[in-house]
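Residue numbers (my numbering): 226 to 665.
See below for the structure under consideration.
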């Protein structure tokens, strides 16, 4: 499929054919997103327990792989340039290369070495995902929350399916089968994104960075707050695998290692991802109707309260707390906020900057490795401090934005009042002049 040819042929289609074409690529993009998150469901539910528990890397090894994965997310800032140099559609195809690190991972038994190799998968994802999301938002027509919710509506199911399947794959073929399945599914998802790429006009090889840089600079306070929110999330996720594994063993003390993986997959991502489907729909509706900033501010409160309950309780209560779908709230709110604030190539750059800021937050967990007495309580204190700082920045941004909107509204009212006054003055002078003419 030629991208330029597709974009030029669109105007010649009938309205019905055009609507059918739009519906088709949206459906297949939603399918591809579901497959992609099924891959991540297998990946996260397996690697966190495999590295932290079976390979005995502990919390430090999980912090390492999380930090390294986010290190490569900095490459997202180059996604806009790549899409201009090779075209958006060809740029998306680069994502399929992320299957290579997964294929070469099975023989590696050292947790640090394995973390170094597996983290490379996030490089291709970071380079291509902003372009994919910009494509999704290209025909949102102002309803960004609804569009993103439809795109990700199956991702919760995909992550659940992947988490459930992880244990069965490990039971059937061990780590080699798990990594091979991840590699195949990852490549398939990007092939679908590539094949069903819609006809969108794009200028290849040209770049005018001034407007896009200005657009991103205006989002710096939001991106800073988002980085702190991601730090809270990643620190929480670094503690969770070990804690969940301990609670599963307490509840089911006599099950084998293989069945422990199955139980871990179910509780780590299987159940909570099902809950993310209605959560995404609800959040998409709320951010279209209300300010996405408020949802992000609410997320800080949720993460603090959820984390302390998670580490304070035990047994089944801990597992139930983990099921609360926090991630869809942040993901939907932030991406809609960035998409709504920009257009065109500025949107790709802004979405890439969003990933880069999340990389800063993810990398923030790496210094925690150096702390000699790292434990869930210490990490909880750090999460709380980060959440407070992020909330203050976000609240200040919301307050400033509100004041600016009020000022703009007042200026418009003042301008309208001045215009009406000029009309009244003109009419008054006209009537006076007309009276003078009649009197003379």
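The beta-carbon is built from N, C-alpha and C at its ideal position, and this holds for glycine as well.
Can you list, in chain order, the residues of its chain whose CB lies under 8 angstroms from that of residue 551, leaving out five sequence neighbours each side? 458, 524, 527, 528, 531
Report yes if the C-beta distance between residue 464 and residue 536 is below 8 angstroms; otherwise report no. yes
Taking the beta carbon of residue 489 as the centre, do at least 16 other beta carbons fall within 10 Å, making it buried, or is it exposed? buried
In whole angstroms, what separates the C-alpha of residue 404 from that of residue 289? 19 angstroms
For residue 355, which of 324, 310, 383, 300 has the nearest alpha-carbon? 300
Which value, in whole angstroms, describes the spacing of the CA atoms of residue 308 and residue 485? 43 angstroms
Can you give me the start and stop residues for the alpha helix (DSSP H) that residue 546 sits inside? 541 to 547
When we look at the beta-carbon of residue 513 and count the other beta-carbons within 10 Å, is it buried (16 or more) or exposed? buried
How should residue 336 be labelled, buried or exposed, when 16 other C-beta atoms within 10 angstroms of its C-beta is the threshold for buried? buried
Quick one: residues in its chain with C-beta nearer than 6 angstroms to the C-beta of residue 328, no 5 flanking neighbours on either side, listed in chain order? 408
Round the Cβ separation of residue 286 and residue 340 to the nearest angstrom and send it over; I've been treating them as touching at under 8 angstroms. 6 angstroms
For residue 302, which residues from the same chain have a beta carbon less than 7 angstroms from its beta carbon, with the 5 sequence-adjacent residues on both sides left out? 577, 578, 581
Evaluate contact between the stretch 372 to 379 and the stretch 552 to 566, counting only Cβ atoms and requiring at least three cross-stretch pairs below 8 angstroms. yes
Alpha-carbon to alpha-carbon, residue 479 and residue 451: 42 angstroms
Beta-carbon proximity list for residue 602, same chain, < 8 angstroms, skipping 5 on both sides: 536
Helix, strand or coil: which one does DSSP assign to residue 550? coil
Across the stretch 272 to 284 and the stretch 311 to 328, are there enough close Cβ pairs to call them in contact, namely three or more that are closer than 8 angstroms? no
Determine the direct distance from the alpha carbon of residue 400 to that of residue 482, and round the result to whole angstroms. 13 angstroms
For a test of the three-state rule: what should DSSP assign to residue 261, helix, strand or coil? helix
Measure how close the beta-carbons of residue 317 and residue 419 come, nearest whole angstrom, since I'm counting them as under 8 angstroms. 5 angstroms
So, with DSSP's three-state summary, where would you put residue 560? helix
Roughly how many whole angstroms lie between the Cα atoms of residue 542 and residue 311? 51 angstroms
Exposed or buried, which one is residue 338 when buried takes at least 16 other CB atoms within 10 Å? exposed
Does DSSP put residue 455 in a helix, in a strand, or in coil? helix
Mapping DSSP to helix, strand and coil, what is residue 436? Unreliable placement is indicated for residue 436, whose pLDDT of 43 sits below 50; the coordinate value is still reported in the next sentence. Here residue 436 sits in helix by DSSP.
Looking only at its chain, what residues have a beta carbon closer than 8 angstroms to the beta carbon of residue 291, apart from the 5 residues adjacent to it on each side? 459, 462, 463, 587, 590
Identify which residue in 562, 561, 391 has its Cα closest to the Cα of residue 487. 391
For residue 259, which residues from the same chain have a beta carbon less than 7 angstroms from its beta carbon, with the 5 sequence-adjacent residues on both sides left out? 379, 380, 382, 383
Using alpha carbons as the reference points, say which of 547, 538, 605, 506 lies closest to residue 369. 506
Kindly list the residues whose CB is nearer than 8 angstroms to the CB of residue 474, restricted to its own chain and excluding five residues on each side of it in sequence; keep chain order. 485
Please state if the CB of residue 584 and the CB of residue 298 are separated by a distance shorter than 8 angstroms. yes
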